[in-house]
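Under numbering that gives the first Met the number 0, the letters of the sequence shown match residues 0 to 434, in that order. Cβ coordinates follow ideal geometry from the N, Cα and C atoms, glycine included. What follows is a short report on a single structure.
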Amino acid sequence: MGSLLQSDTQLNRHSYYEASVNRPPALESLVGALDTDVVVVGAGFAGLSAAIELAQLGFKVVVLEANRVCGGASGRNGGQVIVGYASGQSELEQQLGMHAARQMWDMSLEAIDLMDARIARWGIECERKNGYLYVADSKRKARALDAEMDAMDKHYGLSTARAYGADVRAMIDSPRYVACAQEKRSGHVHPLKYGLGLARAARALGVQIYENTAALTMEQGAMVQLRTAQGTVRARYALLAGNCALPALAPRLAPSIAPRIMPVGTFIVATEPLDPGLVQRLIPSGAAACDNNVVLDYFRFSDDARLLFGGRVSYSSRTPARLPQRMAARMAAVFPQLRGTPIEFTWGGFVDISMNRAPDFGRLGENVYYLQGFSGHGVALTGLAGQMVAQAMAGEVSRFELFSRLQHREFPGGPWLRAPSLMLGMLYHRLKDYF
């Protein structure tokens, strides 16, 4: 599960990722007026990746970040580096046809290769590992998993090793799952270490990054002008890479953006460090894992032998009551061996989902681009999205336009009823999980 945004400052202070890095001192806020080639709003994976690519193409780049670099989604997600898209390939096939869907699949593989290339080039130490387990907890969902993996192998060449029944426990020592499929293209990473590494790379290329500098208003014309509390930036191009925050920035320019995105809360806990031998027994391959329920459980082990376990959903900005205890109960249902294990960190935030769970990339007029709707599959895809935007600004638009051809519907109910409507729909599908 890829993309989280801040929902509760108290939770954010208890993020394992924040506790396990040494952040540099805060960068200065913008004061005064700047002229530049490109202004990027959001110093997460997408914005930083675009800034790196643009700088390498010779553009002068300014990045505005409302909080700290990777303080939202990019620094607090599940760290799962996943091939493909949250929508699945069927949505892409239906909208764009098999050829374009295959192009987009290949690009999702390229996104992982691009991430690894950046890690290698810039020497980013971020606990990167390969390996992924797709698990199912009922016979019905095992059949669905098999059908999906068969289709992915036949049409897209994604080969998996599979296990059923008692044999599952050789891949993941959990009594909950009746089927498991393992592939090696996906994997996991410490997202905040990776994001801070991208920021160092961007600054080494001359990118100016301003923290605690929210973009408050935007005026679009031959030049784009963004105003902040104490300054302004004028640029030839702008990239809005704030995901859930985009609609608040440009409601007049893009009234269609807000209804196409729904922020859905999800949460993660981290245990105390476990015995390394137990970690090896629970998931011998060291892979990340995710089930195929409507409300997902997703989990992996960190380098210091903690289980990072994510799940639950929320449709409001409030943190659920007794969250650590509830998450511990979900964790124990997967791994009874960990019942009673202390939880040391609890944090969470919002996944920026689109109605069809496909990415929503586009352009507003001639010189403002936006990226949103990663729908939990953003750790790798954000990097490729940033590269595609940079290429489009440099005149090579074909790859970006492939994504922008995807059609997106608005969530029903308007600004006040969208969340209750989605909650009822999710409740219906959750009930189906039990039958």
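- Between the C-alpha atoms of Phe-349 and Val-268 there is a straight-line separation of about 15 angstroms.
- Residue range 377-392 is occupied by the alpha helix (DSSP H) that includes Thr-381.
- If the five residues before and after Thr-227 are omitted, its C-beta is found closer than 7 angstroms to the C-beta atoms of Leu-29, Leu-63, Thr-212, Ala-213, Ala-214, Leu-215, all from its own chain and listed in chain order.
- Separation of Leu-322 and Gly-339 (C-alpha to C-alpha, rounded to the nearest whole angstrom) is 15 angstroms.
- Within the model, the alpha-carbon separation for Asp-152 versus Ser-158 is close to 5 angstroms.
- In terms of CA proximity to Gly-205, Gly-57 leads the group Ser-14, Val-378, Gly-57.
- When the alpha-carbon of Ala-389 is set against those of Leu-238, Leu-132, Arg-175, the nearest one is in Leu-238.
- For the set Gly-43, Ser-397, Arg-408, Tyr-369, the Cα lying nearest the Cα of Ala-201 is the one of Gly-43.
- For the pair Val-82 and Leu-113, the CB atoms are not nearer than the 9 angstroms cut-off.
- In the DSSP secondary-structure assignment, Ile-267 is bridged to Gly-309, Trp-346.
- Secondary structure of His-187 (DSSP, three-state): strand.
- For a cut-off of 8 angstroms, the C-beta gap from Val-68 to Ala-234 is around 20 angstroms, too long to register as a contact.
- Only exposed fits Gln-324, as fewer than 16 other CB atoms lie within 10 angstroms of its CB.
- A direct Cα-Cα distance of roughly 15 angstroms separates Gly-156 from Tyr-84.
- Within the same chain, and ignoring the five residues on either side of Phe-334 in sequence, the residues whose Cβ sits closer than 8 angstroms to its Cβ are Asp-172, Ser-173, Leu-281, Leu-306.
- Secondary structure in the stretch 29-66: the alpha helix (DSSP H) runs of 4 residues or longer, each lying completely within the stretch, are 44-55 in chain order.
- For Val-60, same chain residues with a beta-carbon under 6 angstroms away, outside a window of 5 residues either side, are Val-37, Ala-50, Leu-53, Ala-54, Val-206 in chain order.
- Collapsing the DSSP output to three states places Ala-287 in a strand.
- Counting only the Cα atoms, Phe-308 lies some 11 angstroms from Gln-79.
- Between Asp-296 and Lys-140, the CB-CB gap reaches or exceeds 9 angstroms.
- Annotated three-state conformation of Tyr-176 is coil, per DSSP.
- Judged by beta-carbon spacing, Gly-264 lies beyond the 9 angstroms limit of Val-294, meaning their Cβ atoms are not closer than that value.
- Under the Cβ criterion (8 angstroms, minimum of three pairs), the stretch 90-100 does not count as touching the stretch 160-170.
- Of the candidates Glu-126, Gln-224, Arg-117, Gln-224 places its Cα closest to the Cα of Tyr-236.
- Rounded to the nearest whole angstrom, the CA to CA distance from Asn-129 to Gly-186 is 4 angstroms.
- Ile-118 carries a helical assignment under DSSP once its states are collapsed to helix, strand and coil.
- Secondary structure at Ser-19: coil, using DSSP grouped into helix, strand and coil.
- For Phe-298 and Val-188, the gap between their C-alpha atoms comes out near 12 angstroms.
- The residue among Gln-371, Met-222, Ile-123, Leu-277 with its C-alpha nearest the C-alpha of Phe-300 is Leu-277.
- Comparing alpha-carbon positions, the option among Leu-197, Ala-393, Leu-144, Arg-362 lying closest to Val-378 turns out to be Leu-197.
- Take the alpha-carbon of Arg-408 and the one of Pro-341: they are about 43 angstroms apart.
- In this structure, the CA atom of Gly-364 is about 20 angstroms from the CA atom of Asp-34.
- In this structure, Lys-192 is the residue among Pro-23, Lys-192, Ala-331, Phe-360 with its C-alpha nearest to the C-alpha of Cys-125.
- For the pair Ala-221 and Thr-231, the Cα-to-Cα distance works out to about 16 angstroms.
- Take Arg-175, set aside five residues on each side of it, and the residues of its chain with a beta-carbon closer than 7 angstroms to its own are Asp-136, Ala-332, Val-333, in chain order.
- Closest in alpha carbon position to Val-20, among Leu-47, Asp-303, Ala-162, Gln-181, is Asp-303.
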